[in-house]
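Trainee: In the working numbering, the protein residues as written are 623 to 797. Quick reminder that beta carbons are idealized off the backbone N, C-alpha and C, glycines included.
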Amino acid sequence: MITGPEAWLGREMEQSTEWIRPLSLRAITELDAAIDGLKQRGLAWPHFGRSDFPLPTFSRDLSSALDELEDGRGFVLLRGIPVERYTESELKSLYWGLGAHLGEARYQNAQGELIGEVRDENRLYGEVKEISTDARLGRSSRSKARSSGPLRFPHRPLRRGQPALRAQGPRGRPE
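1) The beta strand (DSSP E) spanning residue 643 covers which residue range?
2) Between residue 695 and residue 635, what straight-line distance do the alpha-carbon atoms span, to the nearest angstrom?
3) Using C-beta distances below 8 Å, list every residue in its chain close to residue 684, excluding the 5 sequence neighbours before and after it, in chain order.
4) Report all residues from its chain with a CB closer than 6 Å to the CB of residue 698; omit the five preceding and five following residues, and keep chain order.
5) If you draw a straight line from the C-alpha of residue 675 to the C-alpha of residue 702, how long is it?
6) Using a 10 Å radius around the Cβ and a threshold of 16 neighbouring Cβ atoms, would you call residue 714 buried or exposed?
7) Going straight from the alpha carbon of residue 657 to that of residue 679, what length do you get?
8) On the CB-based measure, 16 or more other CB atoms within 10 Å of its CB, does residue 756 come out buried or exposed?
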């Protein structure tokens, strides 16, 4: 039996807000300053690292989020990034910078994309949508979709009933 903070069901998370981390005004100010600093130095994703994207106090919140990702329920939502104030390129740099504080970049697909874009690709009716089984996954929304299905939390059922889908734990170890 699964126990601990990772022992949750989707319906439980739908009723909870513990996994949502609203950004403070200070955090947003630090993100703005980090983006401005990149522009002043002529840097953009993927050509910078954590030290190029300083977040003096928000980095502590990100460290706490990383603990939750690795040793807690396995996911967090950072809410309140004012995406409307950034260009698409700035948003990618912001997302890259946040990722640099949370871990190392990995290719997202066979094409070698480091940041993949989710968009309607006109799937055929009945085509199966794959569930990501990556050890870590980040997602950001620039605009609200016209329509979409419900947000799914497949964690416990996958761990319980599909051993092949849980070959790697959050730290990259077999479980």
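Mentor: Let me lay it out:
1) In the DSSP assignment, residue 643 falls within the beta strand (DSSP E) that extends over 642-644.
2) So the two alpha carbons sit approximately 10 Å from each other.
3) Shown here for residue 684: same chain residues with a beta carbon closer than 8 Å to its own, the five before and five after excluded, namely 677, 720, 723, 724 in chain order.
4) Once the five neighbours on either side are set aside, the close Cβ partners of residue 698 are 641, 643, 687, 690.
5) Between residue 675 and residue 702, the C-alpha separation is close to 19 Å.
6) Burial call: buried.
7) Straight-line Cα distance between these residues: approximately 16 Å.
8) Residue placement at residue 756 is poorly supported in this model, since its pLDDT is 49, which falls under 50; the coordinates still yield a value, given next. Within 10 angstroms of the beta-carbon of residue 756 lie fewer than 16 other beta-carbons, which makes it exposed.
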